[in-house]
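Chemist: Just passing along the structure, written as structure tokens.
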Amino acid sequence: MSKIYGVLAGSAVAGAVTGWLARALWLWAIAEDARSCEDSTSLCLTFYPLVGIGLWVLLGVPVLWLALWILDVRPLKATVPASFLLQWFIIAVLAGLSRQDLPESMALSVGVMAVGPVLVALCADPARRRAGLAAVGVLATVCLSLVWFSIHVS
Numbered sequence: 003m004s005k006i007y008g009v010l011a012g013s014a015v016a017g018a019v020t021g022w023l024a025r026a027l028w029l030w031a032i033a034e035d036a037r038s039c040e041d042s043t044s045l046c047l048t049f050y051p052l053v054g055i056g057l058w059v060l061l062g063v064p065v066l067w068l069a070l071w072i073l074d075v076r077p078l079k080a081t082v083p084a085s086f087l088l089q090w091f092i093i094a095v096l097a098g099l100s101r102q103d104l105p106e107s108m109a110l111s112v113g114v115m116a117v118g119p120v121l122v123a124l125c126a127d128p129a130r131r132r133a134g135l136a137a138v139g140v141l142a143t144v145c146l147s148l149v150w151f152s153i154h155v156s
């Protein structure tokens, strides 16, 4: 098996783990927010959504850093933030398209978030950089088109 396939598979696993973590923390934050505000008769703002995001950053970035370090995807100063930001973009688009401001399916959210680190690992490989950049462009175009379409159809 070629080294790149192992790197892509490992990146997908790391992306799936951080995707699962993001969804679990998101569900926790929504549940705690609803529980805290269930007796409120006025506007209720809690810190739980920010805590969920903060925990995802604190737990997800080290997972991506460790995985990309083990997989020898370099430079880490660029690939880790790029992976995390691409995942953030993907989950924000999925949540925006949902009726509940949350990606509907666990398999969909985890699977799609696994794509982010894979594309970054593909872009980090000099022989496959052009294909990786094209795939990132296609992903961004599709996501932004879905957002545009959902805004104009509503």
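The numbering of the sequence shown is our numbering, which starts it at 3 and goes up by one. Built from N, CA and C at the ideal position, the CB exists for glycine as well. Remember, it's a predicted structure, so these values are computed and weren't measured experimentally.
1. Using only the alpha-carbon positions, how far apart do residue 79 and residue 44 sit?
2. Starting from residue 91, follow the alpha helix (DSSP H) in both directions and report where the run begins and ends.
3. What are the start and end residues of the alpha helix (DSSP H) that includes residue 145?
4. Go to residue 64, then tell me how far its alpha helix (DSSP H) extends in each direction, as first and last residue.
5. When we look at the beta-carbon of residue 25 and count the other beta-carbons within 10 Å, is it buried (16 or more) or exposed?
6. Apart from the five residues on each side of it in sequence, which residues of its chain come closer than 8 Å, Cβ to Cβ, to residue 149?
7. Grouping DSSP H, G and I as helix and E and B as strand, with all else coil, what is residue 111?
8. Please list the terminal residues of the continuous alpha helix (DSSP H) segment that includes residue 34.
9. Just tell me which of 9, 22 and 110 has its CA closest to the CA of residue 58.
Modeler: This is what the structure holds:
1. As a working note, residue 79 is residue 77 in the sequence shown. As a working note, residue 44 is residue 42 in the sequence shown. The straight-line gap from Cα to Cα measures roughly 45 Å.
2. As a position in the sequence shown, residue 91 is number 89, starting the count at 1. Counting along the chain, the alpha helix (DSSP H) containing residue 91 begins and ends at 78–99.
3. Taking the sequence shown and counting its residues from 1, one reaches residue 145 at position 143. Where residue 145 is concerned, the enclosing alpha helix (DSSP H) stretches over 131–155.
4. Residue numbering aside, residue 64 sits at position 62 when the sequence shown is read from its first letter. Per DSSP, the continuous alpha helix (DSSP H) segment holding residue 64 begins and ends at 50–72.
5. Locating residue 25 in the sequence shown gives position 23, counting from the first residue. Buried, because 16 or more other Cβ atoms sit within 10 Å of the Cβ of residue 25.
6. Reading the sequence shown from its first residue, position 147 is the one you call residue 149. Contacts found: 95, 98 and 99.
7. Position 109 of the sequence shown, counted from the first residue, corresponds to residue 111. Here residue 111 sits in helix by DSSP.
8. Residue numbering aside, residue 34 sits at position 32 when the sequence shown is read from its first letter. 5–39 is the extent of the alpha helix (DSSP H) around residue 34.
9. For the purposes of this step, residue 58 is identified with residue 56 of the sequence shown, where counting begins at 1. The residue with the shortest Cα to Cα distance from residue 58 is 22.
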